[in-house]
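Down below is the structure, laid out as structure tokens.
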Amino acid sequence: MSSKRDYYDILGVSREADDGQLKTAYRKQALNFHPDRNPGNKEAEEKFKEAAEAYDVLRDPQKRRIYDQYGHQGLEGSGFSGFGGFEDIFSSFGSIFEDFFGFGGGGGRRSRNQAQRGADLRYDMTLDFMAGAFGTETEINLEKMETCPDCEGSRCAPGAHPETCRQCQGAGQVSRSQGFFTVRTACPRCRGTGQSIVDPCRRCNGAGQVRVHKKVAVKIPAGVDTGSRLRLNGEGEAGASGGPHGDLYVFIQVEPHDFFQRDGIHVICQVEISFVQAALGDTIEVPTLDGKKALKVPKGTQYGDVFRFSGQGIPSLRTGSRGDQVIQALIKTPTRLSKKQEQVLVEFARLEKGKISQKLKNILKGTTEKVAR
Numbered sequence: 000m001s002s003k004r005d006y007y008d009i010l011g012v013s014r015e016a017d018d019g020q021l022k023t024a025y026r027k028q029a030l031n032f033h034p035d036r037n038p039g040n041k042e043a044e045e046k047f048k049e050a051a052e053a054y055d056v057l058r059d060p061q062k063r064r065i066y067d068q069y070g071h072q073g074l075e076g077s078g079f080s081g082f083g084g085f086e087d088i089f090s091s092f093g094s095i096f097e098d099f100f101g102f103g104g105g106g107g108r109r110s111r112n113q114a115q116r117g118a119d120l121r122y123d124m125t126l127d128f129m130a131g132a133f134g135t136e137t138e139i140n141l142e143k144m145e146t147c148p149d150c151e152g153s154r155c156a157p158g159a160h161p162e163t164c165r166q167c168q169g170a171g172q173v174s175r176s177q178g179f180f181t182v183r184t185a186c187p188r189c190r191g192t193g194q195s196i197v198d199p200c201r202r203c204n205g206a207g208q209v210r211v212h213k214k215v216a217v218k219i220p221a222g223v224d225t226g227s228r229l230r231l232n233g234e235g236e237a238g239a240s241g242g243p244h245g246d247l248y249v250f251i252q253v254e255p256h257d258f259f260q261r262d263g264i265h266v267i268c269q270v271e272i273s274f275v276q277a278a279l280g281d282t283i284e285v286p287t288l289d290g291k292k293a294l295k296v297p298k299g300t301q302y303g304d305v306f307r308f309s310g311q312g313i314p315s316l317r318t319g320s321r322g323d324q325v326i327q328a329l330i331k332t333p334t335r336l337s338k339k340q341e342q343v344l345v346e347f348a349r350l351e352k353g354k355i356s357q358k359l360k361n362i363l364k365g366t367t368e369k370v371a372r
């Protein structure tokens, strides 16, 4: 029967832990028991190895499945024997230790001369309301790094060739001792490329890239709103050593409209009508995104009543179908009345009978006497 501790207990995680939780737990263990932090502590060394073995098994779906079903014996039967020593650990987790401690810990060699993907770029674009609603096509001016056309990224002058770096012998890295380990860092002479440029390209000064201005066509789809993001593949900066371009991300900001307000794919507006139109009903013209459209106002319309034009809103980015236009009625009370209008309102108020207050009755009485005189 195996005397090894349970891998989940070693890392302090549940059996349902995901990859992120496993990595976080292992990082904590590796930091606590790293030999450089515990010089001469054999117990810390063993726990360091133990945590590495547990993480190596649980991060691998196949090994984890075998372990969950058969335990340590199942792994031994499938040929897994753990790590032989610290070199095995750092060789397996070189990139992880580079994230944890800022160096590879003796891991595998990584040269900067390898092809690298170019950087992504961001462009902030402001659109007017209608362009956001119905889309548009435009051009934007970018300043970005591109492969030097003279040296085609080789960094050398025409006819010249890079030479192997004398300090690192082309490895791109140099070694130094740190505690129990031999740590490799980027060569300071060639900056990790493994090559020395004796005769650099005059146009890019040996960088392999130059800054250029470029116009990029952008097609804005109908329905974008503030916060929308467009991705233009390959329109970012050029990659180093022949690597692919990065991408360009266009972030959208849509300006507000004087009349319309946006609510997702719907537009909202407010229209004023007179109290006579509200009481008797009328047909009015209302602006829409496509032009003016007739709206029938029914008799007895109240302040704040809502009407709807179906399919007169914003196109959906996903389906292309349009939302609705929502119209809210605002009843406007006149501030200046002619004598004739006052007489009509006085007569209307009399017909209201018990629906008016005594105060208004007194006002109406005085108004009637003035009109009679």
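Mapping the sequence shown onto numbering that gives the first Met the number 0, position 128 (from 1) lands on 127, and the numbers just tick up by one.
The beta carbon of each residue, even a glycine, is placed where N, CA and C say it ideally should be.
Contacting residues, own chain, Cβ-Cβ under 6 Å from residue i (five flanking each side not counted)
{"i": "Ala43", "result": "Phe32 and Asn37"}
{"i": "Arg188", "result": "Cys164 and Gln166"}
{"i": "Gln301", "result": "none"}
{"i": "Glu271", "result": "Leu329 and Lys331"}
{"i": "Phe259", "result": "Val266 and Cys268"}
{"i": "Gly242", "result": "Ala114, Gln115 and Arg116"}
{"i": "Phe100", "result": "The pLDDT assigned to Phe100 is 47, lower than 50, so where the model puts this residue is not dependable, and the model offers no usable value."}
{"i": "Ala277", "result": "Thr300 and Ile330"}
{"i": "Ser13", "result": "none"}
{"i": "Thr125", "result": "Gln252"}
{"i": "Ala53", "result": "Tyr6, Ile9 and Leu10"}
{"i": "Leu231", "result": "Leu247"}
{"i": "Ala16", "result": "none"}
Run of the alpha helix (DSSP H) containing residue i, from where it starts to where it stops
{"i": "Asn232", "result": "Unbroken run through Asn232: none, as it is neither H nor E."}
{"i": "Asp8", "result": "Tyr6 to Leu10"}
{"i": "Phe128", "result": "Phe128 to Phe133"}
{"i": "Ala278", "result": "Phe274 to Leu279"}
{"i": "Leu350", "result": "Lys338 to Glu351"}
Buried or exposed (CB count within 10 angstroms, at least 16 for buried), residue i
{"i": "Ala237", "result": "buried"}
{"i": "Pro161", "result": "buried"}
{"i": "Ala328", "result": "buried"}
{"i": "Val253", "result": "buried"}
{"i": "Tyr25", "result": "buried"}
{"i": "Asp5", "result": "exposed"}
{"i": "Leu294", "result": "buried"}
{"i": "Lys291", "result": "exposed"}
{"i": "Gly171", "result": "buried"}
{"i": "Arg108", "result": "Caution is warranted here: a pLDDT of 41 is assigned to Arg108, below 50, making its placement in the model unreliable, and no coordinate value can be reported."}
{"i": "Gly226", "result": "exposed"}
{"i": "Glu142", "result": "exposed"}
{"i": "Tyr69", "result": "exposed"}
{"i": "Gln168", "result": "exposed"}
{"i": "His212", "result": "exposed"}
{"i": "Glu49", "result": "buried"}
{"i": "Thr318", "result": "exposed"}
{"i": "Gly441", "result": "Here the chain covers residues 0 to 372 and nothing more, so residue 441 does not appear."}
{"i": "Gln340", "result": "exposed"}
{"i": "Thr282", "result": "exposed"}
{"i": "Thr192", "result": "buried"}
{"i": "Arg349", "result": "exposed"}
Nearest-angstrom beta carbon gap, residue j and residue i [assumed within contact, 8 Å]
{"i": "Gly222", "j": "Ile313", "result": "6 Å"}
{"i": "Gly280", "j": "Pro255", "result": "Contact flag wrong, Cβ pair sits at about 32 Å."}
{"i": "Glu151", "j": "Ala216", "result": "Actually they are not in contact, since the Cβ atoms of Glu151 and Ala216 sit about 26 Å apart, beyond 8 Å."}
{"i": "Gln324", "j": "Phe347", "result": "About 34 Å separates the two Cβ atoms, so there is no contact after all."}
{"i": "Ala159", "j": "Asp198", "result": "4 Å"}
{"i": "Gly207", "j": "Thr146", "result": "7 Å"}
{"i": "Arg58", "j": "Leu21", "result": "6 Å"}
{"i": "Arg261", "j": "Asp224", "result": "7 Å"}
{"i": "Val285", "j": "Ile326", "result": "6 Å"}
Spatial neighbours of residue i in its chain, beta-carbon cut-off 7 Å, leaving aside the 5 residues before and after
{"i": "Ala130", "result": "Ile219"}
{"i": "Arg121", "result": "Tyr248 and Phe250"}
{"i": "Ile196", "result": "Arg154, Cys155, Pro161 and Gly205"}
{"i": "Tyr66", "result": "Tyr6, Val56, Gly73 and Leu74"}
{"i": "Asp123", "result": "Phe250 and Gln252"}
{"i": "Lys3", "result": "His71"}
Span of the beta strand (DSSP E) around residue i
{"i": "Gln324", "result": "Gln324 to Lys331"}
{"i": "Leu247", "result": "Leu247 to Val253"}
{"i": "Phe306", "result": "Val305 to Phe308"}
{"i": "Gly290", "result": "Gly290 to Val296"}
{"i": "Asp262", "result": "Gln260 to Asp262"}
Cβ shell of residue i (< 8 Å), same chain only, five flanking positions each side left out
{"i": "Arg321", "result": "Ile264, Gly310, Gln311, Gly312, Ile313, Pro314 and Ser315"}
{"i": "Lys214", "result": "Glu138, Ile139, Asn140 and Leu141"}
{"i": "Pro148", "result": "Arg202 and Val209"}
{"i": "Gly235", "result": "Gly117, Ala118, Asp119, Leu120, Lys143, His244, Gly245, Asp246 and Leu247"}
{"i": "Asp87", "result": "For Asp87, the predicted model reports a pLDDT of 47, less than 50, meaning its position is unreliable; a value from the coordinates is still stated below. Result list for Asp87: empty, nothing under 8 Å."}
8 Å Cβ cutoff, residue i in contact with chain D
{"i": "Val223", "result": "Going by chain labels, chain D is absent from the structure shown, which holds only one protein chain."}
Near the ligand MG: residue i beta-carbon under 7 Å from a heavy atom
{"i": "Gly322", "result": "As presented, the structure is devoid of all ligands, the ligand MG included, so that no description of it is given."}
Only counting runs of 3 or more residues, tell me where the beta strand (DSSP E) segments fall wholly within the segment 192–236, in order along the chain.
208–219 and 228–231
Minimum length 4: unbroken alpha helix (DSSP H) runs contained in the segment 7–76
18–32, 41–57 and 60–76
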